[in-house]
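In the working numbering, the protein residues as written are 8 to 237.
Where a beta carbon is used, it is the ideal one built from N, C-alpha and C, also for glycine.
In this text, all values refer to a predicted model and were calculated from it rather than measured experimentally.
Before any comments, here is the structure.
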Amino acid sequence: MSFNQHKKALIDQGFSITECVFSNEEIQRLLLLIETSEKEYAIRKLTTKKPEILDVIFGNEKFKKLYELTCDQKYFLSKAIFFNKPSKSNWFVSMHQDLSISVARRIEEIGYTNWTNKNGQLGVIPPNNVLDNTITFRIHLDKTDETNGALSVIPKTHSKGIIRVDESFDKNSLGNEELCIVEKGGVMLMKPLLLHASSKSVSTYDRRVIHLEFCNQEIPMGWLEKKKVS
């Protein structure tokens, strides 16, 4: 699949998966930078703590081409997280959408709801146009399959707006789930409003992912992690 086809799949299906983009050497460089940051399952504000990570990622010509064909000049980095689901992890994540954005300050504004403060980091659910204009790039540092917590998604749900996941939620009415197997060094592109879940790990291998969100919308309260990358 060409990079242009990945963009089309992202628009139509809400996600797309590339073949290997990053070499083993590049992955090791990224892991070294991450491991000298914190020993945590999730590292938030990743590229604020380790800006060199972006140098490695955008130093890769394949990734840079993929990004430039997917995001125009108005896009910027709005969030960066490192996730690890270690081997034999016994937790799962139920079906959900990625609704919260990280912001610099609290300003009450129509359309911005459900404020949170996690360890001093402010989050809020923005209007749909912000989420519709956000694209996530998940860089896989390990092969991810059904044994170590690969994402399961319901295609096309990104086009249905915010979906209430409560006692009346019926995922079967929204379509069939699809398991997202990604090779080591591969990239999964997805829209935040795509319904997705993650199962427990029964593998002896980790599932390490760099999660980068890019957006082209300005917000009244300012983005916490905004960085221009091109």
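Taking the DSSP output, what are the residues bridged to W230?
V110
In three-state terms, what does DSSP make of V131?
strand
Given this structure, state the Cα-to-Cα distance separating T151 from K86, to the nearest angstrom.
22 Å
Hey, quick one: how far does the alpha helix (DSSP H) through E33 stretch, first residue to last?
Its alpha helix (DSSP H) spans residues 31-42.
Should T55 be labelled buried (16 or more other beta-carbon atoms within 10 Å of its own) or exposed?
exposed
Which runs of the beta strand (DSSP E) at least 3 residues long sit entirely within the segment 150-179? Give them in chain order.
158-160
Cβ separation of V110 and F70, assumed to be a contact under 8 Å, to the nearest whole Å
Not quite, the Cβ-Cβ distance comes to about 27 Å (not below 8 Å), so this is no contact.
Can you find a CB in chain D that lies within less than 8 Å of the CB of K81?
Going by chain labels, chain D is absent from the structure shown, which holds only one protein chain.
Among the candidates K191, L219, L76, I142, whose CA atom is the shortest distance from the CA of P58?
When each option's Cα is compared against that of P58, the closest is L219.
Ordered along the chain, which non-local residues of its own chain (more than five positions away) have a Cβ less than 7 Å from that of Q224?
N136, V137, N140
Please report the Cβ distance between Y119 and C222, rounded to the nearest whole angstrom; I am assuming they are in contact, meaning their Cβ atoms lie under 8 Å.
Not really, about 14 Å apart at Cβ, beyond 8 Å.
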